[in-house]
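Have a look at the structure below, then the notes.
Residue numbers (UniProt numbering): 1 to 157.
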């Protein structure tokens, strides 16, 4: 596609305006990506809402999940706060909030059937949703590629 065609499609009057559009995309947090903490929680974002869960790596390390304690709707969390707990046949682990915000929803299915976390940690096994206070906090988390390297390093220690 020619520069002229791109300018016409985007309604831009100059190449400089087009350049500014691409600069703004490259410096913002990419929404709909999944971000990870060093404690193996993940968050994916749509708009101002972040969906939080534990990674496949974490559920595998825990084993069969038998109990989940989630934060109440309306709870205000700061990044790093203990948001709940997960118990399995092997261990118990706290759940930490990967970002600051207010809990807007909890996943009732994982409370009544905690094993869903083992079967589907990224789709049906999410834990709670947050209305984010500061999306810039996501920049401090790991993207998928960085998380893969982190897991490999952690496994080798």
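For every residue, glycine included, the Cβ atom is placed at its ideal position computed from N, Cα and C.
Quick caveat, the model's predicted, so the values are computed rather than measured.
Buried or exposed (CB count within 10 angstroms, at least 16 for buried), residue 153: Residue 153 sits exposed, since fewer than 16 C-beta atoms from the chains shown fall within 10 Å of its C-beta.
Contact under 8 Å by Cβ, residue 144 with residue 34: Cβ distance < 8 Å, so residue 144 and residue 34 count as in contact.
Cut-off 8 Å between Cβ atoms - residues of its own chain near residue 29, not counting five sequence neighbours on either side: Any reading at residue 29 must be qualified, since the residue scores a pLDDT of 47, below 50, and its modelled position is unreliable; no value is offered.
Assigned exposure category for residue 37 - 16 Cβ within 10 Å defines buried: buried
Selection from 114, 40 and 149 that minimises the alpha carbon distance to residue 95: 40
Own chain residues within Cβ distance below 7 Å of residue 55, not counting five before or after: 36, 40, 42 and 121
Expected contact under 8 Å - CB spacing of residue 105 and residue 129 to nearest Å: 4 Å
Residue 83 classed as buried or exposed, judged by whether at least 16 other C-beta atoms fall within 10 angstroms: buried
Secondary structure of residue 65, DSSP reduced to three states: strand
Straight-line gap, residue 74 to residue 107 (C-alpha atoms, nearest Å): 14 Å
Backbone CA spacing between residue 131 and residue 81 [nearest angstrom]: 15 Å
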